[in-house]
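Engineer: One structure is given below, represented as structure tokens, and several questions about it will come after.
There are 2 protein chains.
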Amino acid sequence: MNEISDSLKQRFATIADLDAASAVLSWDQQTHMPEGGLAARAEQLSTLSRISHDMLVSEETGALLEETGNPDPISVEGAFLRVARREYERAARLPSRLVGELSRTRSLAQGAWEKARANSDWELFAPHLERMVALQREAAEHLGYEEHPYDALLDAYEPGMRKSQLDELFARLREELVPTVKKLPREATGEEPFRGSFDEGKQEEFSTRVITDFGYDWSRGRQDRVTHPFCTSLGGPADVRITTRFDPTWFSYHFFATLHEAGHALYEQGVDPAYTRTPLAGGASLGVHESQSRLWENIVGRSREFWNHYQPLFGKTFPQAAGASAEDLYRAANVAYPSEIRTEADELTYNLHILIRYEIETALLEGDLEVSGLPGVWNEKTKSYLGFTPRSDARGVLQDVHWAMGLIGYFPTYTLGNVLSAQIFEAAESAHPEIREQISEGRFETLLGWLRENIHRHGRRYEPRELIERATGRPMESGPYVSYLKRKYGEIYDL
Amino acid sequence: MNEISDSLKQRFATIADLDAASAVLSWDQQTHMPEGGLAARAEQLSTLSRISHDMLVSEETGALLEETGNPDPISVEGAFLRVARREYERAARLPSRLVGELSRTRSLAQGAWEKARANSDWELFAPHLERMVALQREAAEHLGYEEHPYDALLDAYEPGMRKSQLDELFARLREELVPTVKKLPREATGEEPFRGSFDEGKQEEFSTRVITDFGYDWSRGRQDRVTHPFCTSLGGPADVRITTRFDPTWFSYHFFATLHEAGHALYEQGVDPAYTRTPLAGGASLGVHESQSRLWENIVGRSREFWNHYQPLFGKTFPQAAGASAEDLYRAANVAYPSEIRTEADELTYNLHILIRYEIETALLEGDLEVSGLPGVWNEKTKSYLGFTPRSDARGVLQDVHWAMGLIGYFPTYTLGNVLSAQIFEAAESAHPEIREQISEGRFETLLGWLRENIHRHGRRYEPRELIERATGRPMESGPYVSYLKRKYGEIYDL
Chain A
540 MNEISDSLKQ RFATIADLDA ASAVLSWDQQ THMPEGGLAA RAEQLSTLSR ISHDMLVSEE
600 TGALLEETGN PDPISVEGAF LRVARREYER AARLPSRLVG ELSRTRSLAQ GAWEKARANS
660 DWELFAPHLE RMVALQREAA EHLGYEEHPY DALLDAYEPG MRKSQLDELF ARLREELVPT
720 VKKLPREATG EEPFRGSFDE GKQEEFSTRV ITDFGYDWSR GRQDRVTHPF CTSLGGPADV
780 RITTRFDPTW FSYHFFATLH EAGHALYEQG VDPAYTRTPL AGGASLGVHE SQSRLWENIV
840 GRSREFWNHY QPLFGKTFPQ AAGASAEDLY RAANVAYPSE IRTEADELTY NLHILIRYEI
900 ETALLEGDLE VSGLPGVWNE KTKSYLGFTP RSDARGVLQD VHWAMGLIGY FPTYTLGNVL
960 SAQIFEAAES AHPEIREQIS EGRFETLLGW LRENIHRHGR RYEPRELIER ATGRPMESGP
1020 YVSYLKRKYG EIYDL
Chain B
540 MNEISDSLKQ RFATIADLDA ASAVLSWDQQ THMPEGGLAA RAEQLSTLSR ISHDMLVSEE
600 TGALLEETGN PDPISVEGAF LRVARREYER AARLPSRLVG ELSRTRSLAQ GAWEKARANS
660 DWELFAPHLE RMVALQREAA EHLGYEEHPY DALLDAYEPG MRKSQLDELF ARLREELVPT
720 VKKLPREATG EEPFRGSFDE GKQEEFSTRV ITDFGYDWSR GRQDRVTHPF CTSLGGPADV
780 RITTRFDPTW FSYHFFATLH EAGHALYEQG VDPAYTRTPL AGGASLGVHE SQSRLWENIV
840 GRSREFWNHY QPLFGKTFPQ AAGASAEDLY RAANVAYPSE IRTEADELTY NLHILIRYEI
900 ETALLEGDLE VSGLPGVWNE KTKSYLGFTP RSDARGVLQD VHWAMGLIGY FPTYTLGNVL
960 SAQIFEAAES AHPEIREQIS EGRFETLLGW LRENIHRHGR RYEPRELIER ATGRPMESGP
1020 YVSYLKRKYG EIYDL
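From first to last, the protein sequence lines are chains A and B. For the first sequence, this note's numbering gives the first residue as 540, with consecutive numbering after it. For the second sequence, this note's numbering gives the first residue as 540, with consecutive numbering after it.
Written as structure tokens, this is what we have:
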């Protein structure tokens, strides 16, 4: 990278180190930290992020970015500058007063949300959300946008994506999926092989075998137990850790969460090591990241081929389920029915959960919806799209922490991930038609190799839109995903 | 702390947060980090320590320290300033060129030392040590001293201590201990109850029970397995973690290391929480710290009263040793004989290992000893003080990493810890004569309470000399320690 000065490289390397240190501290907090450490840890994290932020928005950084020329945008240097300038501008455009208010509001809102959810009491949370929406609106104005204020927020998670594209995408999904979901059974059927008693050590043994087969590299990672599983990169591709959870009575709870996080981790472990400590490290966007987790969790891990291969091992590991056929396991992995909690929803209904949130948060930001009316609207939409009314606000409008954290514009990336996972898998399969057969032999190296080559290694070098076009030969399209869902669930549930 | 400005407090709080973050990263590196993470972690640690160091030695810090008045040195404000100024001055006096050279030399010397020890080849390490000694001499001149350049280095670990005091101390120990050690058996005798087969889970269960009885607070700590055990404070007294090791054939290897680290941890957990994120956090000096680890490991954990109480639990936990009496266990815990490796040496011979290192490192610094002559001198001194010649340089002059790390002036703090442990325990016992009896009942709250009140809570508020005088009513003295050793081992070995 000759056109990028050493000072600029060093500056972003220092910022990357500080952010990696924060990631280590957060990982520790969620996995191993004794309860007593919480207050001190909050101070440490706040100090690290303040120093990192100050360094990013400093005049020196601005001047260094200014004085760099304009290398070919398609070159690594050009990509470095594109991402570095984007990060600098997004951070520098927010007045420090607003950054401080956002941080305070986030902290208060999270505490209030926890209480509100525990008591299923919307009123406890409502004033904090009102404040947060107002601040997010203000942030959007500072950040700037061409079409819609929502674009300014969305851009933090999905660079280059517009609300207008999402409107189109969600309209299609609503049209295709709502009628399909209506035909589903009202409760879980066929999940018996995954319910019962599952020794935790055995669960871990089985899932470890699977993700090792996928290609997760344990010499550059580890797995720990947490309440809410996540994947985190603590030093570029060389230290990518996953976390998981267990329910001794429900196999899916641990297993699919583990495949999901392993999917994220395969992406991070596959990024070009040369990008470590540069703005090009990590994934292209949240949506692209989610496409990798969903691909391994759902398209691979919930496929018939997958269970054809792993059925014998499953029966051997869990003798009580030895009588379940590969087909039984495939069906247990694909139980679909309208349920209350997004994070536990199946592939088919999942996107309707996101649709509800997307429609609400865009209306909130536009001022078309008052915070006070939110529980009512939530329940109406749930009734209309999923066919039931949540039993309580705790299991409805209060179930997710995202809005309390100020994450408006974040939810759609889950659905983008789903949509992209099908498009990307289709492209891989069309390049290597043997992939599906290999899965039924427990072999994943062709699939992983294609993903490495076409997605993973590039890190943030390309904008998501360009990355997808290069990898699949077309812009993002919902067709493959809708076909995948309708084909799969149409067959299973005879819809 | 009214006389200390908010800016100054904030500055040292930020430095403390950065250093705590480094401590978390180091802890993770030694306990959980996958091997692949090493290179990235080194960059992160180097960035954090550079930012912390730059902030400490910055002109702003100097100016803030300058403009603060001179509060009563005995007040908390006065102590804050004393320690803050000391840290600032020690850091600011070293030219950044020298800091960089020390860091590079340290890194090269450690690599060379590892190879040299593995091959027992002194020549591989000698040129690096020569360079390190020259740099340390230079550092001592920059740091300044009144009597001897060694004082400037020692002061980093033991504020206020002088070589002249150490000379006197070590002369006394040499005179008293060398003849005693000569009368010891030449090999381990009576250790049978601690040798054999010890299930690691059971070892951990037993030691956990003991250190919980001591008063280690698990809600503010945890224990992990490492190669070289240590204790680390990651957020003041609220997160103090210990680490341990296991040998399935040797009980003492795990057990006494655990008591030792728990002793350090009891100190850190007992520091006034108000000192968190100030220069007053942590222990008064390495010697005082070591006095706490040694007190719990040796004076308590190797006492007859201790084994009188724990013998039944020991027999129940390790049925193969159920026949060993309390007296058998007491003797097994106090096996003493001249051995090669410092870290595995018993209480009685341990200080002679330190004496050898002290005599050598002071002579090196003075220029009275050439690096090339070191193995010869080492072996002569070992022969003269311990009565044998090491089988190899790997098990002799190359056994410790300290000199490779530039830690000259560090070794004596181990002996200071031993000496102080006896003086402090004597003072606690004279205030509470029931302490010994309580130990035989497995009760430690009176002892811990006295230590908390007189040592722990003060953190770095007092200089070590003053802390000891306040706690014990007298300056540091070797009498109690020498008597303790001669009484104990005189009886066991009929010397």
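Every residue, glycine too, gets a C-beta built ideally from N, C-alpha and C.
Ignore the nearest five residues each way along the sequence and tell me which others in ARG761/B's own chain have a CB closer than 7 Å to its CB.
Structural biologist: Taken in chain order, the residues that qualify are ARG780.
Engineer: Please classify ALA657/B: is it buried, with 16 or more other beta-carbons within 10 angstroms of its beta-carbon, or exposed?
Structural biologist: Per the 10 Å Cβ criterion, exposed.
Engineer: I want to see whether chain A comes within less than 8 Å of GLU599/B, judged by CB atoms only; does it?
Structural biologist: No - not a single Cβ of chain A is within 8 Å of the one on GLU599/B.
Engineer: Please name the residue, chosen from ASP932/B, ALA801/B, PHE853/B and THR586/B, that lies closest to ILE554/A on a Cα-to-Cα basis.
Structural biologist: For ILE554/A, the nearest C-alpha among the options comes from THR586/B.
Engineer: Taking the straight line between their C-alpha atoms, what separation do you get for TYR849/B and PHE790/B?
Structural biologist: Their Cα atoms are separated by approximately 14 Å.
Engineer: Would you list, in sequence order, the uninterrupted alpha helix (DSSP H) runs of no fewer than 4 residues that lie entirely inside the segment 732-770 of chain B?
Structural biologist: With a minimum length of 4 residues, the continuous alpha helix (DSSP H) runs that stay inside the segment 732-770 of chain B are 739-753.
Engineer: Can we say the segment 813-831 of chain A touches the segment 608-622 of chain A, given the rule of at least three CB pairs closer than 8 Å?
Structural biologist: Enough Cβ pairs lie closer than 8 Å, so yes.
Engineer: Is the separation between the beta-carbon of ARG1004/B and that of GLY699/B shorter than 8 Å?
Structural biologist: In this structure, GLY699/B lies closer than 8 Å to ARG1004/B by Cβ.
Engineer: Of the choices VAL874/B, ARG930/B and TYR889/B, whose alpha-carbon is the least far from that of ARG881/B?
Structural biologist: Comparing Cα-Cα distances from ARG881/B to each of VAL874/B, ARG930/B and TYR889/B, the minimum goes to TYR889/B.
Engineer: Under 8 Å between C-beta atoms, does ARG643/B make it to chain A?
Structural biologist: So, not an interface residue.
Engineer: Taking only runs of the beta strand (DSSP E) that begin and end inside the segment 767-799 of chain B, which ones reach a length of at least 3 residues, in chain order?
Structural biologist: Counting whole runs of 3 or more residues, the segment 767-799 of chain B contains the beta strand (DSSP E) stretches 770-772 and 779-783.
Engineer: Is there a C-beta anywhere in chain D that falls below 8 Å from the one on THR815/A?
Structural biologist: The structure shown contains no chain D; its protein chains are A and B.
Engineer: For THR954/B, which of HIS793/B, LEU894/B and TRP835/B has the nearest alpha-carbon?
Structural biologist: Ranking the options by Cα distance to THR954/B, first place goes to LEU894/B.
Engineer: Going by beta-carbon coordinates alone, are GLY774/B and ALA579/A separated by less than 8 Å?
Structural biologist: Yes, Cβ-Cβ distance for GLY774/B and ALA579/A is below 8 Å.
Engineer: Under 7 Å between beta-carbons, which chain A residues line up against SER758/B? List them in chain order, please.
Structural biologist: Going along chain A in sequence order, the residues near SER758/B (Cβ under 7 Å) are PRO573, GLU574 and GLY575.
Engineer: Is ARG1009/B helix, strand or coil by DSSP?
Structural biologist: It is helical.
Engineer: For ARG761/A, go through chain B and note every residue whose CB falls closer than 9 Å to its CB, in chain order.
Structural biologist: Here the neighbours are HIS571, MET572 and PRO573.
Engineer: Less than 8 Å separating the beta-carbons of HIS667/B and ALA943/B?
Structural biologist: The answer is yes: Cβ separation under 8 Å.
Engineer: Could you check what DSSP says for PHE853/A in three-state terms: helix, strand or coil?
Structural biologist: PHE853/A falls in the helix class under three-state DSSP.
Engineer: From PRO914/B to GLY935/B, what does the alpha carbon distance come to, in whole angstroms?
Structural biologist: In a straight line, the C-alpha of PRO914/B is about 8 Å away from that of GLY935/B.
Engineer: Who are the near neighbours of LYS702/B in its chain, counting only those whose CB is closer than 8 Å to its CB and skipping five residues on each side?
Structural biologist: Closer than 8 Å at Cβ, skipping near neighbours: GLU686, HIS687, TYR689, ASP690, LEU693 and THR901.
Engineer: Compute the beta-carbon to beta-carbon distance between ARG550/B and MET594/B, rounded to the nearest angstrom, for a pair I have assumed lies under 8 Å.
Structural biologist: Indeed they touch by this definition, with Cβ atoms about 7 Å apart.
Engineer: For a contact meaning CB atoms closer than 7 Å, what does LEU564/A contact in chain B?
Structural biologist: The contacting residues are ALA560 and VAL563.
Engineer: Using a Cβ-Cβ distance cut-off of 8 Å, determine whether GLU781/A contacts chain B.
Structural biologist: The amino acid at residue 781/A is misidentified as Glu; the sequence shows Ile. Closer than 8 Å: no.
Engineer: Would you tell me roughly how many angstroms separate the C-alpha atoms of ASP939/B and LEU798/A, rounded to the nearest one?
Structural biologist: Each residue's alpha carbon lies about 45 Å from the other.
Engineer: Which class does SER508/A belong to by DSSP, given the choice of helix, strand or coil?
Structural biologist: Residue 508/A lies beyond the residue range present for chain A, which begins at 540 and ends at 1034; the question has no answer from this structure.
Engineer: Tell me, to the nearest whole angstrom, how far the beta carbon of TYR1001/A is from that of ALA823/A; I am working on the premise that it is less than 8 Å.
Structural biologist: Correct: roughly 7 Å between the Cβ atoms.
Engineer: If you measure from the beta carbon of GLU800/B to each beta carbon in chain A, is any gap under 8 Å?
Structural biologist: No, GLU800/B lies away from the interface with chain A (no Cβ there is under 8 Å from its Cβ).
Engineer: Whole angstroms is fine: what's the gap from SER931/A's alpha carbon to SER659/A's?
Structural biologist: Taking the straight line from one Cα to the other gives about 7 Å.
Engineer: Take GLU653/A as the anchor and find which of LEU937/A, VAL958/A, VAL672/A and GLU968/A has the nearest alpha-carbon.
Structural biologist: Minimum Cα distance to GLU653/A is reached at LEU937/A.
Engineer: Can you list the residues of chain B that GLY532/A reaches, using a CB-CB cut of under 8 Å?
Structural biologist: Missing from the structure shown is residue 532/A; chain A here goes from 540 to 1034 and no further.
Engineer: Closer than 7 Å by beta-carbon distance: list the chain B residues that pair up with CYS545/A, in chain order.
Structural biologist: One detail in the question is off: residue 545/A reads as Asp in this sequence, not Cys. Going along chain B, no residue has its Cβ under 7 Å from ASP545/A, so there is no contact; the nearest lies around 15 Å.
Engineer: Please name the residue in PRO1019/B, ARG748/B and LYS741/B whose C-alpha comes closest to that of ARG711/B.
Structural biologist: Taking only the C-alpha atoms, the option nearest ARG711/B is PRO1019/B.
Engineer: For SER565/B and LEU663/B, I'd like the C-alpha separation in whole angstroms.
Structural biologist: Rounded to the nearest angstrom, the two C-alpha atoms are 27 Å apart.
Engineer: Can you name the residues of chain B whose CB is closer than 8 Å to the CB of THR856/A?
Structural biologist: Within chain B, no residue comes near THR856/A; the closest Cβ sits about 24 Å away, beyond 8 Å.
Engineer: Measure the C-alpha to C-alpha separation of PHE733/B and SER646/B and round it to an integer number of angstroms.
Structural biologist: Taking the straight line from one Cα to the other gives about 38 Å.
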